[in-house]
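S.K.: End of the sequence shown sits at 770 in our numbering; the numbers just go up one at a time, nothing left out.
Where is the CB? At the ideal position from N, CA and C, for every residue including glycine.
Here the structure is a predicted model, which is why all the values come from computation and not from measurement.
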Amino acid sequence: MSAGIREKMPLRLKRSNMIPLLILPACFLLLNVSGHTDELIIETSEISNQRLYAKADDSAKIIKTKANENSIRLDYLHYRPVSYETEMVQELENVHPNQGGLIYVYYTNISSKPVNFAYWRWNDFDESVWRLDNLISWDRLYHNKINPGQTSVLEINAVSEKFKEGSAYDFEIISKDTWKPAVSHSGLLSEDNVSISLITFKPGLKTAVVHIRNIGDTAVQIDKIQITGKQVQKSELTANTLVPYGHVIGRIDLVSALKESELIVVKADIREKKSERSVMAHRRAFADYFPIGTWGADPASYLAQRRHHIDTCVQGADPLSAFYKEEAERFGYRSLATVNYNDTYDLRTLGRHRAVACLQLSDEPDWVTHPQQVVLQDSIARHAYPYAPTMTTLCRNVTFFEYAPIVDLPCMDHYCVTAPSTSKWPTPFGTKLEETGYYTRDLKAASEPKPIWVWSQGLFDWDERPGQTVPTPEELSVQLMQNIGRGAKGILWFTFREKPGIKYPETKSSIQGWGRVLRLIKSDILRSEPILQRHINFPSNVDAFALVNFNKLILCITNKHYQMA
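Quick look at the structure:
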């Protein structure tokens with residue numbers, strides 16, 4: 206399905222026919238769409254000016270690549286300026302505001318010999334200058350040696366105003382073989398209107414689903430999508446024309462399965478205003494998984510958690526533990542396996558274990574841990590256990606851009622009621638429930654094209670609010686819809702404690718009910734992506750989000766007309 210603009214297939218949600226629906230605080234609507242359609246619009250009776258993404262700069266990139274003896278071709282330079290909500294969310298601490306953005310440099314060895322890289326250079330300064338002067342948070346070169354025909358990527362996470370949008374640059378990668386530039390490239394840092402917003406892999410790692418978004422006012426033609434270096438058996442697109450502010454979904458079926466953890470670069474060849482170019486994105490290959498999780502689980506609570514559809518919990522990496530030897534298989538659990546520097550032996554001993562959903566590096570490192578240290582943790586975990594994605598949980602939206610791109614599965618926690626917070630709250634016991642949605646949106650903007658997970662507020666009895674120390678069922682529902690509607694691909698309840706569940710059985714029952722719903726539709730959510738908010742017009746007292754995949758439209762609707770308890 207292509208989320209376009211014209212009205213070939215209008216879907217209008219009028220205020221009058223929404224009244225019965227919005228008696229509830231939040232709900233899902235799933236619409237089956239038969240066949241492929243080129244256009245889709247969703248409307249209600251009032252127009253909203255809210256935009257999920259800022260309009261990209263229309264200035265074209267200036268690209269100049271010099272030929273050299275090593276024949277490294279620069280394929281694409283992706284730039285994403287830092288962005289996060291500042292009007293509806295005010296973080297109390299932001300000592301060093303990010304003024305830069307993310308830079309991903311894609312290149313291919315088109316020669317007949319391997320090329321070894323020494324370092325990169327930006328505007329005549331070596332990488333060490335930018336790194337040691339704290340003008341970049343971190344950088345990562347996926348391959349120090351690039352073989353003939355191989356495509357790879359260099360990641361630069363820049364925070365300095367010297368990397369702000371519109372800045373001119375001269376970029377080089379220096380060859381270790383000749384100590385001369387292997388590739389040189391000049392241009393202006395500018396966000397591309399067209400981007401690959403999500404890449405997901407199905408079990409078996411032979412099929413990828415790709416979402417392509419256009420935030421510009423010019424239509425583009427998509428000629429082909431591919432995974433570089435891989436033989437494609439079949440590829441298809443929901444539409445070849447990516448309309449202004451539109452959305453196209455692609456599917457790539459490969460001849461051979463990908464290897465777990467290998468770097469995958471997706472390439473879309475497009476035509477825009479009679480010019481031809483490519484758009485690229487990358488992530489590591491893992492079969493994507495939608496967890497319904499919680500923080501802790503002991504054997505006495507396994508059965509109760511499974512009855513509430515919880516299937517994932519935080520565990521260590523001890524291969525001799527009862528969890529990995531028998532309990533995970535018995536109860537159908539998967540683990541967020543916590544990892545630190547001393548756990549690499551356990552990880553290697555554990556080996557490939559189907560119970561490990563991810564490697565949880567740390568909790569809220571954006572408080573006390575420098576991003577370069579998190580990159581080191583991530584590297585150690587990747588080498589010790591290449592069978593599962595790395596994951597970390599963040600808590601401040603002003604630092605998402607520095608930390609989220611490091612790991613395979615960025616996650617965040619933000620609780621709107623009865624919990625301590627990093628943001629400014631209007632009352633001592635909470636803020637508007639929509640705030641968690643802004644955090645989820647900001648995390649996704651920093652993490653694309655990788656899936657994100659979210660900790661959603663559950664049965665944990667903070668005592669900041671008199672009379673109701675956990676969210677009400679309605680508050681829990683709205684937070685969940687905000688997270689799913691903004692693009693979360695996994696829900697982790699914080700948390701599922703026994704005593705709050707006994708004291709507040711209605712909230713516990715709400716977790717069970719929503720768990721049942723998520724189990725039914727989580728495969729649809731995994732392959733879906735939010736369409737641009739500008740396509741959804743809704744009354745001022747309603748929040749509505751639309752997710753689209755190949756054959757379904759999922760509407761997440763909440764009622765904003767409430768008072769905090």
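Using the three-state DSSP reduction, which class does residue 789 fall into: helix, strand or coil?
M.R.: This structure leaves residue 789 out entirely; the chain is present only between 206 and 770.
S.K.: Helix or strand or just coil, what does DSSP make of residue 506?
M.R.: Helix at residue 506.
S.K.: Where does residue 295 land, buried or exposed, given buried means 16+ other C-beta within 10 angstroms?
M.R.: Label assigned to residue 295: exposed.
S.K.: For residue 321 and residue 352, which I take to be in contact (beta-carbon distance under 8 angstroms), what is that distance rounded to the nearest angstrom?
M.R.: In fact, because the Cβ distance is near 11 angstroms, the residues do not count as touching under 8 angstroms.
S.K.: Since residue 516 and residue 496 are thought to touch, with beta carbons under 8 angstroms apart, how far apart are those beta carbons, to the nearest angstrom?
M.R.: Right, the Cβ-Cβ distance comes to about 7 angstroms (below 8 angstroms), so this counts as a contact.
S.K.: When you compare only the Cα positions, how much space is there between residue 457 and residue 733?
M.R.: Those two C-alpha atoms are separated by around 15 angstroms.
S.K.: Distance, Cα to Cα, residue 301 vs residue 738?
M.R.: Straight-line Cα distance between these residues: approximately 30 angstroms.
S.K.: Check the DSSP bridge columns for residue 615 and list the partner residues they point to.
M.R.: DSSP lists 597 as partners of residue 615.
S.K.: From residue 518 to residue 709, what does the alpha carbon distance come to, in whole angstroms?
M.R.: Going by the C-alpha atoms only, they are around 22 angstroms apart.
S.K.: Using a 10 Å radius around the Cβ and a threshold of 16 neighbouring Cβ atoms, would you call residue 233 buried or exposed?
M.R.: Answer is buried; the Cβ neighbour count reaches 16.
S.K.: Where residue 471 and residue 692 are concerned, what is the direct C-alpha to C-alpha distance, given to the nearest angstrom?
M.R.: Straight-line Cα distance between these residues: approximately 20 angstroms.
S.K.: Give me the residue from 664, 334 and 631 with the minimum Cα distance to residue 768.
M.R.: Cα-wise, what sits closest to residue 768 is 631.
S.K.: Residue 380: buried (16+ other C-beta within 10 angstroms of its C-beta) or exposed?
M.R.: It is buried - the Cβ of residue 380 has at least 16 other Cβ atoms within 10 Å.
S.K.: Nearest to residue 397 by CA position, among 760, 555 and 284, is which residue?
M.R.: Comparing Cα positions, the closest option is 284.
S.K.: So, helix, strand or coil for residue 750, using DSSP?
M.R.: Strand at residue 750.
S.K.: DSSP on residue 365, reduced to helix/strand/coil?
M.R.: It is coil, neither helix nor strand.
S.K.: Could you have a look at residue 219 and say whether DSSP puts it in helix, strand or coil?
M.R.: Because residue 219 carries a pLDDT of 45, less than 50, the predicted location of this residue cannot be relied on, and the following value inherits that uncertainty. Residue state, collapsed to three classes: coil.
S.K.: To which residues of the same chain is residue 453 closer than 7 angstroms at the C-beta, ignoring the five residues directly before and after it?
M.R.: Cβ neighbours of residue 453 beyond the five flanking positions: 207, 417, 427, 442, 443, 444 and 447.
S.K.: Which residues in the same chain as residue 335 place their Cβ atom closer than 7 angstroms to its Cβ, once the five residues preceding and following it in sequence are excluded?
M.R.: Once the five neighbours on either side are set aside, the close Cβ partners of residue 335 are 327 and 341.
S.K.: Across which residues does DSSP place residue 809 in a beta bridge pair?
M.R.: This structure cannot settle anything about residue 809, because the visible part of the chain is limited to 206 through 770.
S.K.: Inspect the beta-carbon positions of residue 339 and residue 606 and report whether they are closer than 8 angstroms.
M.R.: Result no, Cβ atoms of residue 339 and residue 606 do not sit closer than 8 angstroms.
S.K.: Secondary structure at residue 624, three-state DSSP: helix, strand or coil?
M.R.: Of the three classes helix, strand and coil, the one that applies to residue 624 here is coil, per DSSP.
S.K.: Does DSSP put residue 299 in a helix, a strand or coil?
M.R.: Residue 299 falls in the coil class under three-state DSSP.
S.K.: Measure the CB-CB distance between residue 635 and residue 587 and report whether it falls below 8 angstroms.
M.R.: Cβ distance not < 8 angstroms, so residue 635 and residue 587 don't count as in contact.
S.K.: Less than 8 angstroms separating the beta-carbons of residue 614 and residue 590?
M.R.: Result no, Cβ atoms of residue 614 and residue 590 do not sit closer than 8 angstroms.
S.K.: State the DSSP-derived secondary structure class of residue 376, mapped to helix, strand or coil.
M.R.: Note: residue 376 maps to strand in three-state DSSP.
S.K.: Is it right to say residue 763 is buried, meaning 16 or more other beta carbons lie within 10 angstroms of its own, or is it exposed?
M.R.: Answer is buried; the Cβ neighbour count reaches 16.
S.K.: Starting from residue 687, trace the alpha helix (DSSP H) in both directions and tell me its first and last residue.
M.R.: Taken as a continuous stretch (DSSP letters only), the alpha helix (DSSP H) holding residue 687 covers 678-690.
S.K.: Just tell me which of 280, 550 and 513 has its CA closest to the CA of residue 718.
M.R.: Checking every option, the nearest Cα to that of residue 718 belongs to 513.
S.K.: Leaving out the 5 sequence neighbours to the left and right, which residues in its chain are closer than 8 angstroms to residue 475 when beta-carbon positions are compared?
M.R.: Same-chain partners within the cutoff: 399, 425, 426, 427, 428, 447, 481, 482, 483 and 484.
S.K.: Closest to residue 625 by C-alpha separation, out of 685, 507 and 662, would be which residue?
M.R.: Looking at the Cα atoms, 662 is the closest of the given residues.
S.K.: Since residue 566 and residue 583 are thought to touch, with beta carbons under 8 angstroms apart, how far apart are those beta carbons, to the nearest angstrom?
M.R.: Confirmed, Cβ separation roughly 6 angstroms.
S.K.: What separation, rounded to the nearest whole angstrom, lies between the Cα atoms of residue 373 and residue 526?
M.R.: Computed Cα separation, rounded: 55 angstroms.
S.K.: Would you tell me roughly how many angstroms separate the C-alpha atoms of residue 757 and residue 695, rounded to the nearest one?
M.R.: C-alpha separation (whole angstroms): 19 angstroms.
S.K.: Could you tell me which residues DSSP pairs with residue 331 in its beta bridges?
M.R.: Residue 331 is bridged to 326.
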